[in-house]
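Chemist:
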Amino acid sequence: MSSRFVAGFRIEDALSATAALESQGMTVTLDSLGENVSSPGQARQSGQIYHNLLDAIAQSKLNANVSLKLTQMGMDLGRDLAFDVVSGLVQQAVRNDGFVRVDMEGTPYTQATIDLVRQLHAVPENRGHVGIVIQAYLRRSAQDIETLLADGIRIRLCKGAYSEPPDLAFPAKKDVDGNFVALTKTLLKSGLYHGIATHDDAMVAAAKAFARTERIDPASFEFQMLYGIRRDLQRSLVKEGYNVRVYVPFGEQWYPYFMRRLAERPANVIFLAKNFFRN
Ligand SMILES: Cc1cc2nc3c(=O)[nH]c(=O)nc-3n(C[C@H](O)[C@H](O)[C@H](O)COP(=O)(O)OP(=O)(O)OC[C@H]3O[C@@H](n4cnc5c(N)ncnc54)[C@H](O)[C@@H]3O)c2cc1C
Numbered sequence: 473m474s475s476r477f478v479a480g481f482r483i484e485d486a487l488s489a490t491a492a493l494e495s496q497g498m499t500v501t502l503d504s505l506g507e508n509v510s511s512p513g514q515a516r517q518s519g520q521i522y523h524n525l526l527d528a529i530a531q532s533k534l535n536a537n538v539s540l541k542l543t544q545m546g547m548d549l550g551r552d553l554a555f556d557v558v559s560g561l562v563q564q565a566v567r568n569d570g571f572v573r574v575d576m577e578g579t580p581y582t583q584a585t586i587d588l589v590r591q592l593h594a595v596p597e598n599r600g601h602v603g604i605v606i607q608a609y610l611r612r613s614a615q616d617i618e619t620l621l622a623d624g625i626r627i628r629l630c631k632g633a634y635s636e637p638p639d640l641a642f643p644a645k646k647d648v649d650g651n652f653v654a655l656t657k658t659l660l661k662s663g664l665y666h667g668i669a670t671h672d673d674a675m676v677a678a679a680k681a682f683a684r685t686e687r688i689d690p691a692s693f694e695f696q697m698l699y700g701i702r703r704d705l706q707r708s709l710v711k712e713g714y715n716v717r718v719y720v721p722f723g724e725q726w727y728p729y730f731m732r733r734l735a736e737r738p739a740n741v742i743f744l745a746k747n748f749f750r751n
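All letters in the sequence shown, in the order written, are residues 473 to 751 by the working numbering.
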């Protein structure tokens, strides 16, 4: 079942999945799976996989960037370690004209992730080569987006995949969705290139409608979806002329990612079954 969501174990598997998606008119962000490493050596090893990935992307001239998690880069062992590893990756992305997206994890990491990405982005040559993720389920997100947009940082907006307490995150889907639409509008109006990451037809429809009424060029933003989820929607958006980027995870540590996909909403186990038949 996991192969439906994960492209394989090796970089080569991820690159062939990328080439296949490119041939369908999509771009990709590659994620080497893993989180919460327990030694600096492991953090640097995780960083090395991303160095190899950035090189492979440049050499194969693929239209792809990378997504990483700070806990995988040693954040729990020390902020300086994570900063050092990610900074090295962003510098390589600058040399390759690439882009590093820092995923957003649970709320213990929200402020630290924002601070770290802002610090990286403040280095003049890094500008435009590092971006962040904001989760619409968090009550703080409108404020965070305002700060990040003032810095000119590119944002991926998603609903949020972690279990969070109600004082920090909206518990009701309708409030998360309402915030997602409001934040989408802020991002689309900002003049920066952002990613609207969702498989939700209603969220996609709201983004399209807003872009249409505000005369926002569809080329100025992208929809993002996870590998293997709503492939029908991915394809139809490409057909309609929208930019679509697929998040392609690979690697041996697939289990937590796979379980999040199944567990993020109890109904997702049913969605999974339904999606097997839909695509
Ligand atoms: C490109 C991308 C990057 C992401 N990065 C992050 C990140 O950095 N941090 C973070 O917290 N979260 C991240 N997420 C996950 C996100 O927060 C949500 O948990 C996930 O996308 C489900 O929300 P949804 O917008 O698709 O809407 P939902 O309301 O959850 O689902 C809407 C519809 O999408 C389909 N669907 C959704 N999830 C699944 C699934 N697992 N299996 C099958 N069908 C499904 C179903 O058809 C469902 O009806 C990312 C998501 C995407 C697409």
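Where is the CB? At the ideal position from N, CA and C, for every residue including glycine.
Measure the C-alpha to C-alpha separation of residue 687 and residue 696 and round it to an integer number of angstroms.
Modeler: 21 Å
Chemist: Within 10 Å of its beta-carbon, does residue 616 have 16 or more other beta-carbons around it, so buried, or fewer, so exposed?
Modeler: Looking at its Cβ environment, which holds 16 or more other Cβ atoms inside 10 Å, residue 616 is buried.
Chemist: Looking at residue 493: is its Cβ nearer than 8 Å to the Cβ of residue 718?
Modeler: yes
Chemist: Below 7 Å, is the gap between the Cβ of residue 668 and the nearest heavy atom of ligand 1?
Modeler: no
Chemist: Can you tell which of 603, 561, 642 has the C-alpha that lies nearest to the C-alpha of residue 624?
Modeler: 603
Chemist: Evaluate residue 752 with the Cβ neighbour count: other Cβ atoms within 10 Å of its Cβ, from every protein chain shown; 16 or more gives buried, anything less gives exposed.
Modeler: With the chain represented from 473 up to 751, any question about residue 752 goes unanswered, as that position is not in the structure.
Chemist: Assign residue 731 to one of two classes, buried (16 or more other C-beta atoms within 10 Å of its C-beta) or exposed (fewer than that).
Modeler: exposed
Chemist: Compute the beta-carbon to beta-carbon distance between residue 720 and residue 706, rounded to the nearest angstrom, for a pair I have assumed lies under 8 Å.
Modeler: The C-beta separation of residue 720 from residue 706 comes to about 12 Å, leaving the pair out of contact by the 8 Å criterion.
Chemist: Measure the Cβ-Cβ separation of residue 481 and residue 700 and say whether it is below 8 Å.
Modeler: no
Chemist: Where are the beta strand (DSSP E) runs, 3 residues long or more, that stay fully inside the segment 514 to 582, in chain order?
Modeler: 536 to 540, 572 to 574
Chemist: Would you say the beta carbon of residue 581 comes nearer than 7 Å to a heavy atom of ligand 1?
Modeler: no
Chemist: Give the straight-line distance between the Cα atoms of residue 479 and residue 504, rounded to the nearest whole angstrom.
Modeler: 10 Å
Chemist: For the alpha helix (DSSP H) containing residue 651, name the first residue and the last one.
Modeler: 645 to 661
Chemist: Relative to ligand 1, is the shortest distance from any of its heavy atoms to the C-beta of residue 680 smaller than 7 Å?
Modeler: no
Chemist: Just to confirm my understanding: we take residue 634, look at its own chain, exclude 5 residues before and 5 after, and list those with CB closer than 6 Å. What are they?
Modeler: Correct list, in chain order: 578.
Chemist: Considering only their Cβ atoms, is the gap separating residue 598 from residue 543 smaller than 8 Å?
Modeler: no
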